[in-house]
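Contents: one structure, followed by commentary.
Number of protein chains: 2
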Amino acid sequence: MRLPSPPAPVRARLLHAALELLAERGYRGATTREIARRAGVSEVTLFRHFRRKEDLMREALALLPGPGFLEGLPGPETPLEEGLRAVLSAYSGLLERQRALLPKLLAELLRHPNLGAPPGLLAAKERLVAFFRAKQEEGALRPDEPPEELVLAFVGPLFARFLLGQALGLSLPLDPEAYLGGYLEGRYGPRRGAHA
Amino acid sequence: MRLPSPPAPVRARLLHAALELLAERGYRGATTREIARRAGVSEVTLFRHFRRKEDLMREALALLPGPGFLEGLPGPETPLEEGLRAVLSAYSGLLERQRALLPKLLAELLRHPNLGAPPGLLAAKERLVAFFRAKQEEGALRPDEPPEELVLAFVGPLFARFLLGQALGLSLPLDPEAYLGGYLEGRYGPRRGAHA
DNA sequence: GGAGAAGGTAAGCGCATACTTACAAAGCCA
DNA sequence: TGGCTTTGTAAGTATGCGCTTACCTTCTCC
Numbered sequence: 027m028r029l030p031s032p033p034a035p036v037r038a039r040l041l042h043a044a045l046e047l048l049a050e051r052g053y054r055g056a057t058t059r060e061i062a063r064r065a066g067v068s069e070v071t072l073f074r075h076f077r078r079k080e081d082l083m084r085e086a087l088a089l090l091p092g093p094g095f096l097e098g099l100p101g102p103e104t105p106l107e108e109g110l111r112a113v114l115s116a117y118s119g120l121l122e123r124q125r126a127l128l129p130k131l132l133a134e135l136l137r138h139p140n141l142g143a144p145p146g147l148l149a150a151k152e153r154l155v156a157f158f159r160a161k162q163e164e165g166a167l168r169p170d171e172p173p174e175e176l177v178l179a180f181v182g183p184l185f186a187r188f189l190l191g192q193a194l195g196l197s198l199p200l201d202p203e204a205y206l207g208g209y210l211e212g213r214y215g216p217r218r219g220a221h222a
Numbered sequence: 027m028r029l030p031s032p033p034a035p036v037r038a039r040l041l042h043a044a045l046e047l048l049a050e051r052g053y054r055g056a057t058t059r060e061i062a063r064r065a066g067v068s069e070v071t072l073f074r075h076f077r078r079k080e081d082l083m084r085e086a087l088a089l090l091p092g093p094g095f096l097e098g099l100p101g102p103e104t105p106l107e108e109g110l111r112a113v114l115s116a117y118s119g120l121l122e123r124q125r126a127l128l129p130k131l132l133a134e135l136l137r138h139p140n141l142g143a144p145p146g147l148l149a150a151k152e153r154l155v156a157f158f159r160a161k162q163e164e165g166a167l168r169p170d171e172p173p174e175e176l177v178l179a180f181v182g183p184l185f186a187r188f189l190l191g192q193a194l195g196l197s198l199p200l201d202p203e204a205y206l207g208g209y210l211e212g213r214y215g216p217r218r219g220a221h222a
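Quick note, the sequences are listed as chains A and B, same order. Numbering of the first sequence is given in this note's numbering, commencing with residue 27 and proceeding in unit increments. Numbering of the second sequence is given in this note's numbering, commencing with residue 27 and proceeding in unit increments.
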């Protein structure tokens with residue numbers, strides 16, 4: 027009798043190799059030969075686990091954003107600054123751990139919509155939007171912008187830091203407290219309150 | 027006697043087709059056949075103008091960010107809000123005109139560092155950093171963050187709007203005044219000044 | 001020990017790709 | 001008219017790709 031399959035390490039290795047190569051070289055550049063080689067198995071084995079390259083890629087993308095990421099995000103009841111710090115740490119941890127794989131993977135998602143958006147990423151987005159909306163309703167954040175805009179304003183610069191940073195040679199260490207302050211207080215000069 | 031070559035339209039069409047396809051399908055997916063077809067010439071003609079595909083791609087990327095973009099950016103003497111509005115209009119105009127080609131092209135740049143960073147993009151970055159630094163020195167912007175951080179905080183959400191937006195199904199119309207306000211005033215709730 | 005599952009090796013098929021060669025047609029300028 | 005340049009068409013080469021087939025080995029579990 028077979029157990030419901032203890033997650034075969036070969037399969038997992040193939041998925042991780044596929045994800046890596048997809049980010050590094052794009053869909054066409056990530057060849058099945060190279061994926062198999064990096065996973066330490068033969069190409070035949072790859073095709074025994076996944077009927078088509080496309081199936082493999084779809085499953086690999088579903089690994090995003092990785093284990094523990096969702097749980098690290100704040101819930102609607104988390105206080106504002108604590109929640110923002112949690113987002114900051116989860117997000118920058120994700121980007122640093124994966125060495126900027128994520129921006130390239132997202133670009134690949136745009137190019138191949140038939141691969142479908144990874145459910146884990148969609149769930150993360152929902153959770154973020156819910157958190158920011160809750161803080162708006164509490165009065166802790168400006169109510170005059172849609173919550174999605176607040177999410178983008180917080181997460182966008184983190185994201186662009188990796189993409190633009192690498193492409194244009196901007197390398198910035200991340201100072202979480204300064205980052206939080208800039209987000210909450212705005213960028214006006216030191217002694218200025220609200221603007222006209 | 028030959029004039030210094032009035033920029034051959036065939037060559038220009040090939041470059042634009044290459045840039046488009048590079049964004050749409052990535053380096054490997056942008057085949058020389060398809061580039062030639064889209065430019066309305068034969069594949070042989072393509073190889074008569076560019077010895078190798080790589081040469082074509084490198085030259086095509088050098089077209090970025092397109093004519094007039096640099097001139098639309100503010101100089102160090104432009105006042106703060108006027109300058110920010112100029113950045114906003116130049117940047118979002120660029121992204122909208124090119125239908126989100128840019129994020130995918132940047133991802134492609136990351137994957138093929140041997141193609142080199144387009145000088146026009148580097149110049150745009152320099153100009154932006156110079157503008158924000160000048161505003162810091164005038165006291166119009168917080169002096170406690172590096173100017174590159176201020177650039178990323180302003181431009182990052184615009185950028186992420188296209189990339190994350192398309193990949194995750196966040197679609198947000200851009201309200202320039204609200205965007206400016208959020209950047210300058212911060213995201214704290216309606217009645218709150220500086221934070222602890 | 002024997003069956004079945006999971007893996008490997010070797011070889012190959014059909015196709016698309018980057019790139020080439022050979023040759024002909026059209027336009028421009030002397 | 002005649003050379004020069006630019007483009008086209010037809011055909012082809014070598015390589016690499018996704019994917020398959022056939023056969024052998026190793027391990028586990030009864």
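Backbone N, C-alpha and C define an ideal beta-carbon position, used for all residues, glycine too. Since the structure is predicted, the reported quantities are computational estimates derived from the model, not experimental observations.
First through last residue of the alpha helix (DSSP H) which encompasses residue i
| i | result |
| --- | --- |
| GLY119(A) | 106 to 123 |
| ALA62(B) | 58 to 65 |
| ALA156(A) | 145 to 164 |
| ARG84(A) | 79 to 87 |
| TYR205(B) | 202 to 211 |
| GLY98(B) | 95 to 98 |
| HIS42(A) | 35 to 55 |
| PRO173(B) | 173 to 194 |
| HIS75(A) | 69 to 75 |
| GLU134(A) | 127 to 137 |
Presumed contact (8 Å Cβ cut-off) between residue i and residue j, rounded CB distance
| i | j | result |
| --- | --- | --- |
| PRO202(B) | ARG111(B) | 7 Å |
| LEU47(A) | LEU87(A) | The Cβ separation is near 12 Å, so there is no contact. |
| GLY98(B) | SER115(B) | 7 Å |
| ARG137(A) | ARG51(B) | 6 Å |
| TYR214(B) | LEU210(A) | 5 Å |
| ALA133(B) | LYS130(A) | 5 Å |
| GLY182(B) | PHE185(A) | 6 Å |
| ALA159(A) | PRO139(A) | According to the sequence shown, residue 159(A) is Arg rather than Ala. About 27 Å; that fails the 8 Å criterion. |
| LEU72(B) | THR58(B) | 6 Å |
| VAL70(B) | PHE180(B) | Wrong, their Cβ atoms sit about 47 Å apart, outside the cutoff. |
| HIS75(A) | ARG37(A) | 5 Å |
| LEU189(B) | LEU196(B) | Actually they are not in contact, since the Cβ atoms of LEU189(B) and LEU196(B) sit about 10 Å apart, beyond 8 Å. |
| GLY55(B) | ARG54(A) | 5 Å |
Give a yes or no on contact between the segment 63 to 72 of chain B and the segment 119 to 128 of chain B, applying the rule of three or more CB pairs nearer than 8 Å.
Contact between the segment 63 to 72 of chain B and the segment 119 to 128 of chain B is absent, with fewer than three C-beta pairs closer than 8 Å.
I'd like to know if the segment 144 to 152 of chain B and the segment 77 to 96 of chain B are in contact, where contact means that at least 3 CB-CB pairs between them fall below 8 Å.
Of all C-beta pairs linking the segment 144 to 152 of chain B to the segment 77 to 96 of chain B, three or more are shorter than 8 Å, placing the two stretches in contact.
Using a beta-carbon distance cut-off of less than 7 Å, what residues from the segment 198 to 219 of chain B approach chain A?
The residues in question are LEU198, ALA204, GLY208, TYR209, LEU210, GLU211, GLY212, ARG213, TYR214, GLY215, PRO216, GLY219.
Closer than 8 Å between beta carbons: that is the criterion. Which residues of the segment 124 to 152 of chain B meet it against chain A?
Against chain A - using a Cβ distance shorter than 8 Å - the residues of the segment 124 to 152 of chain B are ALA126, PRO129, LYS130, LEU132, ALA133, GLU134, LEU135, LEU136, ARG137, ALA143, LEU147, LEU148, LYS151.
Any C-beta of chain A within less than 9 Å: which residues of the segment 163 to 179 of chain B qualify?
Per Cβ criterion, the list reads GLU164, GLY165, ALA166, LEU167, ARG168, PRO169, ASP170, GLU171, PRO172, GLU174, GLU175, LEU176, VAL177, LEU178, ALA179.
Is the number of C-beta pairs between the segment 161 to 169 of chain A and the segment 164 to 179 of chain B that are closer than 8 Å three or more?
With the cut-off at 8 Å, the segment 161 to 169 of chain A and the segment 164 to 179 of chain B do not touch.
If you measure beta-carbon to beta-carbon, which residues of the segment 32 to 56 of chain A are closer than 9 Å to chain B?
Result list: ALA49, GLU50, ARG51, GLY52, TYR53, ARG54, GLY55.
What residues from the segment 84 to 102 of chain A come within 7 Å of chain B, judged by C-beta to C-beta, listed N to C?
Taking 7 Å as the cut-off between beta carbons, none of the residues of the segment 84 to 102 of chain A comes near chain B.
Just by C-beta distance, which residues in the segment 65 to 83 of chain A are closer than 8 Å to chain B?
For chain B, none of the residues of the segment 65 to 83 of chain A brings a beta carbon within less than 8 Å of one of its beta carbons.
For the segment 106 to 124 of chain B, enumerate the residues whose C-beta is nearer than 7 Å to any C-beta of chain A, in chain order.
Here the close residues number zero.
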